[in-house]
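As structure tokens, the structure follows; a few thoughts come after it.
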Amino acid sequence: MQRFAYGCGIFLTLISYSNISVAQLITWNENIPSSLALFQQNPQQLADLTQNNILIYAQPYSKTNIPTQKKNPQPTVQFVSAAIIVPVSIQEVAKVLTDYNHYVRLFPTLKSAKIEEKNGTTTRVKYKVQIPTPIPVLNFNEDISMQHQVGNNSVASLITDAPVPYGAGKFEWFSLAPQKTLITLTQWGDLNQINSYLLRKILAAVPDAKLGIPIGSNAFILESLKRKWTKNQITALDAGQFPPLQLNNNQIKKISELSRSTGYPVSFIQPASTVPYAHGRESMRFTTTYQYYPKTPQQLQSWLNPVSFQSLFPRQIKKVELSSPAPQLQDAHFKVSVGLGVMNIPFDFKMRFNYIDANQSQYSAIGGDLRFVKGEMQLLPQNNGTLLKMTNAGKIDDKAPFLLRAMRSLPYHDILPAAGGNAVFSLKIKEKMK
Numbered sequence: 001m002q003r004f005a006y007g008c009g010i011f012l013t014l015i016s017y018s019n020i021s022v023a024q025l026i027t028w029n030e031n032i033p034s035s036l037a038l039f040q041q042n043p044q045q046l047a048d049l050t051q052n053n054i055l056i057y058a059q060p061y062s063k064t065n066i067p068t069q070k071k072n073p074q075p076t077v078q079f080v081s082a083a084i085i086v087p088v089s090i091q092e093v094a095k096v097l098t099d100y101n102h103y104v105r106l107f108p109t110l111k112s113a114k115i116e117e118k119n120g121t122t123t124r125v126k127y128k129v130q131i132p133t134p135i136p137v138l139n140f141n142e143d144i145s146m147q148h149q150v151g152n153n154s155v156a157s158l159i160t161d162a163p164v165p166y167g168a169g170k171f172e173w174f175s176l177a178p179q180k181t182l183i184t185l186t187q188w189g190d191l192n193q194i195n196s197y198l199l200r201k202i203l204a205a206v207p208d209a210k211l212g213i214p215i216g217s218n219a220f221i222l223e224s225l226k227r228k229w230t231k232n233q234i235t236a237l238d239a240g241q242f243p244p245l246q247l248n249n250n251q252i253k254k255i256s257e258l259s260r261s262t263g264y265p266v267s268f269i270q271p272a273s274t275v276p277y278a279h280g281r282e283s284m285r286f287t288t289t290y291q292y293y294p295k296t297p298q299q300l301q302s303w304l305n306p307v308s309f310q311s312l313f314p315r316q317i318k319k320v321e322l323s324s325p326a327p328q329l330q331d332a333h334f335k336v337s338v339g340l341g342v343m344n345i346p347f348d349f350k351m352r353f354n355y356i357d358a359n360q361s362q363y364s365a366i367g368g369d370l371r372f373v374k375g376e377m378q379l380l381p382q383n384n385g386t387l388l389k390m391t392n393a394g395k396i397d398d399k400a401p402f403l404l405r406a407m408r409s410l411p412y413h414d415i416l417p418a419a420g421g422n423a424v425f426s427l428k429i430k431e432k433m434k
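Take 1 as the starting number for the sequence shown in the numbering used here and just add one per residue.
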């Protein structure tokens, strides 16, 4: 249920930037960690884990260099990385990612790009972003100024003026074969210092959204790149089936190590699937997320039960009514109100939980305002801990109440809420276990 509010927050962070001119290029020696730092600098190792998904994972905390932040130009931050594989040459990828005017055709919210200053491989660009919605107060028509610096196989970018005023990121690209390239994005933004009144109000009303924004922003950018170069891959699922991840034991161990060492989830945004419903098939995008906890599966089993969700999100989940239609089945009726600072979005929905065993449950929407939600949770024992595996997909249908239906005007509304929601859910559990 959180995923639908967080999708809005994700986009607000991506596009809400102010229009303030910058006098000159900034001297910046970027030290953003490489996306390969946790993969022995081996692009093939990262590619083998990524496969045909969007893979998102975090880097360990480190000091970085943000010269625009005068009071603390070397903050300790956590960058979040993402990776995709595209079927084109490394030369084609480099050409596109260093052509900032082309970004207008890459990213659906971007309307114009104006090069303001250039010196060698460093360029400052002002971008205009527009997102119309059926709710005028949530419309956006804003500017963002960024400084880009081209490296050997990278473009590093520094935010030079914005309501999210301090942030940096880096594209990297690595050749896997003559027509096969690994693209990665590693970025961080300071969500605790906001200049935008509207964004500040929304994040104050829904502070948990900050936990999902890093994954959502990376997913938004790499989904745009993936759509440029790859064809739709659609898997037809049977009833009760979820899209498989072809991971071997060593890769699961690697995922566990990544999550344990960074404290952050590892997520796979999978290709499109179609799910059978009574009226026909619905296209859905599943995200599978893994989070490591230094606990036994028995200590985590309560989080598979919907009654525990209210303790994670007491501000949003107002009431949970439970019933048991059959053994191993449980119906949960959620009463939810999501406050976005400028308005509240009340909705209710019913979910049916099927408890496969003590360490696994599956669920799907069976009524209320959200018709298309499916997922499963599973506890996977690890050495000295447990991986919580979550696979979720959800989208708002065209018959939903107006305030929910308005979110369908946002790009990738069927992808980002589940991706961000998984991260929020797993990190909220982590907070509760401290």
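Quick reminder that beta carbons are idealized off the backbone N, C-alpha and C, glycines included. On a predicted model such as this, the values are computed, not experimentally measured, just so you know.
Taking the Cα positions, residue 157 is about 11 angstroms away from residue 31. Where residue 160 is concerned, there is no enclosing alpha helix (DSSP H), although the beta strand (DSSP E) around it starts and stops at 154-161.
The alpha-carbon separation between residue 233 and residue 41 amounts to approximately 29 angstroms. Taking C-alpha positions only, residue 135 is separated from residue 411 by approximately 15 angstroms. With 16 or more neighbouring CB atoms inside 10 Å of its own CB, residue 53 falls in the buried class. Between the beta-carbon of residue 88 and that of residue 187 there is about 22 angstroms, and that puts the pair past the 8 angstroms contact cut. As for any alpha helix (DSSP H) of minimum length 4 sitting wholly inside the segment 371-422, the runs are 402-405, ordered along the chain. Between residue 253 and residue 147, the gap from beta carbon to beta carbon reaches 9 angstroms or more. Around the beta carbon of residue 395, 16 or more other beta carbons lie within 10 angstroms, which makes this residue buried.
Annotation for residue 330: the continuous beta strand (DSSP E) segment containing it runs 329-339. Uninterrupted alpha helix (DSSP H) stretches at least 4 residues long and entirely within the segment 96-143 occur at 103-106, given in chain order. The C-alpha of residue 278 is placed about 18 angstroms away from the C-alpha of residue 393. For residue 374, the closest of 129, 65, 237 and 117 by C-alpha to C-alpha distance is 237. Bounds of the alpha helix (DSSP H) holding residue 221 are 209-229. Rounded to whole angstroms, the separation of the alpha carbons of residue 177 and residue 206 is 44 angstroms. In this structure, the CA atom of residue 201 is about 8 angstroms from the CA atom of residue 340. Residue 191 and residue 81 do not touch by the CB rule: their CB atoms are close to 18 angstroms apart, not below 8 angstroms. DSSP places residue 253 inside the alpha helix (DSSP H), whose first and last residues are 249-262.
DSSP, reduced to helix, strand and coil, places residue 176 within a strand of the structure shown. One thing to note: residue 47 has its Cβ within 9 angstroms of the Cβ of residue 182. The alpha-carbon of residue 353 is positioned some 30 angstroms away from that of residue 258. Taking the Cα positions, residue 164 is about 30 angstroms away from residue 86.
Around the beta carbon of residue 121, a 10 Å sphere encloses fewer than 16 other beta carbons of the protein chains shown; the residue is thus reported as exposed. Excluding residues up to 5 positions away in sequence, 282, 284, 365, 394, 395 and 397 lie with their Cβ nearer than 7 angstroms to the Cβ of residue 372 in the same chain. In the three-state reduction of the DSSP assignment, residue 50 falls in the helix class. Distance from the CA of residue 151 to the CA of residue 92, rounded to the nearest whole angstrom, comes to 16 angstroms. Counting of Cβ neighbours within 10 angstroms places residue 76 among the exposed residues, the total staying below 16.
At least 9 angstroms separates the beta-carbon of residue 172 from that of residue 145.
Within 10 angstroms of the beta-carbon of residue 73 lie fewer than 16 other beta-carbons, which makes it exposed. Exclusion of the five residues before and after residue 401 leaves 347 and 369 as the residues of its chain whose Cβ lies within less than 7 angstroms of its Cβ. Residue 227 sits exposed, since fewer than 16 C-beta atoms from the chains shown fall within 10 Å of its C-beta.
Residue 185 has 82 and 171 as its beta-bridge partners, per DSSP.
Rounded to whole angstroms, residue 350 and residue 326 show a C-alpha spacing of 16 angstroms.
Take residue 208, set aside five residues on each side of it, and the residues of its chain with a beta-carbon closer than 6 angstroms to its own are 424, in chain order. Rounded to whole angstroms, the separation of the alpha carbons of residue 331 and residue 300 is 21 angstroms.
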